[in-house]
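Student:
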Amino acid sequence: MSYNAPVKDMMFVLKELAGLDQVSQLPGCEDATEETVDAVLTENAKFTSEVVAPLNWSGDVEAANWKDGVV
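Per my numbering, the sequence shown starts with residue 32, numbered consecutively.
Structure (structure tokens):
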């Protein structure tokens, strides 16, 4: 089973609920444009699906072990 981050949903929340346009007008946040945020989320989604998500399988197959107070 693969994981695909809901980038469109995240962008909707950031634009419509969090007010991304207003946030990007704050001092120090000028670079947080819709295009930049979308690009960051898209690349993060790729990283998550290609690198992080496959690690779940090995964690499911190999259980954690408790030995001498250490996991």
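Idealized CB from N, CA, C, for every residue including glycine.
What's the gap between the Cα of V92 and the Cα of D99?
Tutor: As a working note, residue 92 is residue 61 in the sequence shown. As a working note, residue 99 is residue 68 in the sequence shown. Distance between the alpha carbons of V92 and D99: 22 Å.
Student: If Y34 and A70 are in contact, beta carbons under 8 Å, what's the gap, nearest whole angstrom?
Tutor: Indexing the sequence shown from 1 puts residue 34 at position 3. Indexing the sequence shown from 1 puts residue 70 at position 39. Contact doesn't hold; Cβ gap of about 20 Å is too wide.
Student: Between the stretch 59 to 69 and the stretch 38 to 51, can you find at least three pairs of beta-carbon atoms closer than 8 Å?
Tutor: Two segments are said to touch when three or more pairs of C-beta atoms, one from each, lie closer than 8 Å; by this definition the stretch 38 to 51 touches the stretch 59 to 69.
Student: Assign L51 to buried or exposed, taking buried as 16 or more other Cβ atoms, counted over all protein chains shown, within 10 Å of its Cβ.
Tutor: Taking the first residue of the sequence shown as position 1, residue 51 is located at position 20. Classification of L51: buried, given that the 10 Å Cβ count is 16 or more.
Student: Using 8 Å as the threshold, is the C-beta distance between E65 and K46 below it?
Tutor: Residue numbering aside, residue 65 sits at position 34 when the sequence shown is read from its first letter. Residue numbering aside, residue 46 sits at position 15 when the sequence shown is read from its first letter. Yes, these two residues count as a Cβ contact at 8 Å.
Student: What is the DSSP secondary structure of V102, reduced to helix, strand or coil?
Tutor: Translated into positions along the sequence shown, residue 102 becomes position 71. Coil, per DSSP.
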